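Asks: Those letters in the sequence shown? Residues 21 to 223, per this note's numbering, in order.
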Amino acid sequence: PDHTPSIVSALESLIPLHDLVIVTGGLGPTRDDNTRFAIAEYLGVNCSPSRTAEKWLASFLKHRNQNLSAAQKIQTLLPKGCKALRNTLGTACGFKFTKKKSQVFIFPGVPGELKKMCSDYVTPQLACKSFILEKSLWTWGWSESRQRTAMNSLEIPNPFKFSSLPSENGLRISLRLPLAHTCNTAIAKAKRDLESLWKQLVI
């Protein structure tokens, strides 16, 4: 809920346990938008105007022939020590901080804005650490139970992950290989291993 003690409590329980925490919503100009102040309370700091956020907001409104209202100025307040993150689709900028080895991102809750900011700031960070190689295909006229029976003798070694997902379009089978090492040699070997096991699976 938009309740400062609840937000602080959630942060206290999540941050020590996770490398990455994403907080969404509560960054708008209305009375119940308390997230920035809850973050400040958690960090033990005050909120102050961010010149960077002010410039972004002024530019966003100018392109839409709108004036900055007194209520919107609250969206330029950031907890001390937090880094502003530009929101190109809305008026509320996001921000981030690091605490106890956990990176914490705070984004607006509007779905389109949230998705874009996750794509801009979170996905690239995750992609540089690990990714998943995948091979998949659709089958038709083949029930999931028949497929399971036909492939019953096939052994899927770790760390490969096999899945079959029935839907109205047919049955989608997939083979995935999580990859934590991104050096070229590791990637090339992983691709060969995936291709070899995939051939056993579909031929």
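Ideal Cβ placement from N, Cα and C applies to all residues, glycine included. None of these values were measured; they are calculated from a predicted model.
Going by beta-carbon coordinates alone, are G129 and T44 separated by less than 8 Å?
Replies: Here residue 129 is taken as the residue at index 109 of the sequence shown, counted from 1. Here residue 44 is taken as the residue at index 24 of the sequence shown, counted from 1. In contact: G129 and T44 (Cβ atoms closer than 8 Å).
Asks: Please list, in chain order, all residues of the same chain as P186 whose beta carbon is under 7 Å from its beta carbon, the five residues on each side excluded.
Replies: For the purposes of this step, residue 186 is taken as residue 166 along the sequence shown, with counting starting at 1. Only E164 meet the Cβ criterion.
Asks: With 16 other CB atoms within 10 Å as the buried threshold, where does I193 fall?
Replies: As a first step, residue 193 is located in the sequence shown; it is residue number 173 there, counting from the start. Buried, by the Cβ-count rule.
Asks: Around the Cβ of F125, are there at least 16 other Cβ atoms within 10 angstroms (buried) or fewer (exposed)?
Replies: Walking along the sequence shown from the start, residue 125 turns up at place 105. The residue is buried, with at least 16 neighbouring Cβ atoms inside 10 Å.
Asks: For the beta strand (DSSP E) holding E154, just list the boundary residues, first then last.
Replies: Against the sequence shown, residue 154 aligns to sequence position 134. Where E154 is concerned, the enclosing beta strand (DSSP E) stretches over F151 to T159.
Asks: Three-state secondary structure (DSSP) at S29?
Replies: On the sequence shown, residue 29 is found 9 positions in, with the first residue counted as 1. Of the three classes helix, strand and coil, the one that applies to S29 here is helix, per DSSP.
Asks: Please list, in chain order, all residues of the same chain as L174 whose beta carbon is under 7 Å from its beta carbon, the five residues on each side excluded.
Replies: Position 154 of the sequence shown holds residue 174. For L174, where only same-chain residues beyond five positions count, the Cβ hits under 7 Å are Q220 and L221.
Asks: Among C102, L199, T169 and W158, whose alpha-carbon lies nearest the alpha-carbon of L146?
Replies: By one-based count along the sequence shown, residue 146 stands at place 126. It is L199.
Asks: Name the DSSP beta bridge partners of L197, please?
Replies: If you number the sequence shown from 1, residue 197 lands on position 177. Partner(s): L153.
Asks: With DSSP collapsed to three states, give me the class of F180.
Replies: Along the sequence shown, one-based indexing puts residue 180 at 160. The answer is coil: DSSP assigns F180 none of H, G, I, E or B.
Asks: Evaluate contact between the stretch 66-74 and the stretch 27-36, counting only Cβ atoms and requiring at least three cross-stretch pairs below 8 Å.
Replies: As far as the Cβ criterion goes, the stretch 66-74 does not touch the stretch 27-36, which means the pair count is below three.
Asks: Would you decide whether T96 is buried or exposed? Buried here means 16 or more other CB atoms lie within 10 Å of its CB.
Replies: One-based indexing of the sequence shown puts residue 96 at position 76. That one is buried.
Asks: Going by DSSP, name the residue or residues bridged to K116.
Replies: Within the sequence shown, residue 116 is the residue found at index 96, counting from 1. Its beta-bridge partners are K103 and F125.
Asks: What I want to know is whether the C-beta of D140 ends up closer than 7 Å to one or more non-hydrogen atoms of the ligand FAD.
Replies: In the structure shown, the ligand FAD is absent, as is every other ligand, since no ligand is present at all.
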